[in-house]
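Numbering (numbering that gives the first Met the number 0), first residue to last: 0 to 244.
Worksheet for the structure shown next.
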Amino acid sequence: MYYSLNTTSDICLSKPDMSAISISNPSPTVYDTSPVLNQVTEFPNKFGIYDKFLLKYPLVSYAIVILYVLFVQWIGPAIMRKRKPYSLQKILIVYNFFQVLANFYILSGGVYSIIKFWDSRCIITRNENFDELMEMIMQYGYYLYIIKFMDLLDTVFFVLRKKQKQVTFLHVFHHAGLCLLFAWGFKKLYLALGFYLIVAMTINTAVHVIMYTYYGLSAIGPHVQKYLWWKKHLTRIQISQEDSL
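Here it is in structure tokens:
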């Protein structure tokens with residue numbers, strides 16, 4: 000049996016009525032983040048962070064860094080050239096363990112903040128604790144800023160103990176650069192604020208607690224140094240910190 004289609008009427012090929020087809024394309028939800036972003040940019044003025052001494056007088060920070068570089072590279076070595084190295088044992092013990100306490104204070108605050116604000120870790124997320132998070136970031140950030148200037152004493156002690164070989168370019172660049180980075184960062188605060196900053200400060204201070212614990216114990220004397228077998232891991236910890244940040 001054969002079927003023959005001789006006319007177009009045998010087959011109905013009608014063009015579909017597109018007007019009868021409804022394509023749903025809802026617009027994406029848009030969140031108004033401008034109030035939150037305004038809070039971020041206005042935050043330093045709101046909490047008076049720029050009234051802090053080192054931020055109110057930024058030239059002081061720059062002057063300290065310049066004097067630091069001049070002293071550890073030229074002035075200090077010239078003064079110590081004909082002098083015997085200073086022991087500084089008691090000073091080093093007090094200094095290192097003070098650093099441990101100072102860094103641990105910021106570390107504990109950082110851990111507390113991470114736990115409390117974990118669900119609000121995106122800076123543009125609206126939440127009732129936004130101002131509290133920002134205030135804690137600035138509080139601990141400024142404390143860490145001060146500590147970075149204290150860290151400059153590490154190099155000064157090297158010079159006074161005539162350990163000039165440890166005053167390398169990278170060592171000086173690291174300490175001076177961090178001070179300048181913090182000075183710049185507070186002026187460009189709206190670029191750096193956020194949950195990430197708390198995490199970075201926490202990791203940094205955790206590493207410094209370990210470092211200064213080692214330095215403090217090492218300064219006590221040989222009878223303690225024999226227990227510091229974990230010295231070889233310090234460099235790995237520091238490198239891991241840089242990678243994580």
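Heads up, the beta-carbon is just placed ideally off N, CA and C, and yes, glycines get one too.
C-beta atoms of residue i and residue j nearer than 8 Å
i: V208; j: V110; result: no
i: I105; j: Y139; result: yes
i: V206; j: Q240; result: yes
i: G75; j: V171; result: no
i: K51; j: Y141; result: yes
i: L132; j: S112; result: yes
i: K231; j: Y213; result: no
Distance, residue j Cα to residue i Cα
i: M149; j: L177; result: 12 Å
i: L233; j: K225; result: 16 Å
i: M137; j: V223; result: 38 Å
i: P57; j: A182; result: 7 Å
i: L180; j: T204; result: 17 Å
i: Y30; j: M210; result: At Y30, the pLDDT of 44 sits below 50, so the modelled position is not reliable; the number obtained from the coordinates is stated separately. Cα to Cα, Y30 sits roughly 44 Å from M210.
i: I92; j: G220; result: 10 Å
i: I90; j: F185; result: 31 Å
i: K162; j: Q72; result: 12 Å
i: Q237; j: Y144; result: 19 Å
i: M200; j: Y49; result: 20 Å
Exposed unless 16 or more other CB atoms sit within 10 angstroms - verdict on residue i
i: L66; result: exposed
i: V64; result: buried
i: Y61; result: exposed
i: I146; result: buried
i: G47; result: exposed
i: A101; result: buried
Cβ-Cβ separation, residue j to residue i (assumed contact under 8 Å), whole Å
i: Y227; j: R160; result: Sequence check: residue 227 is Leu here, not Tyr. Wrong, their Cβ atoms sit about 18 Å apart, outside the cutoff.
i: A175; j: N95; result: At roughly 21 Å, the Cβ-Cβ gap does not stay under 8 Å, so A175 and N95 are not in contact.
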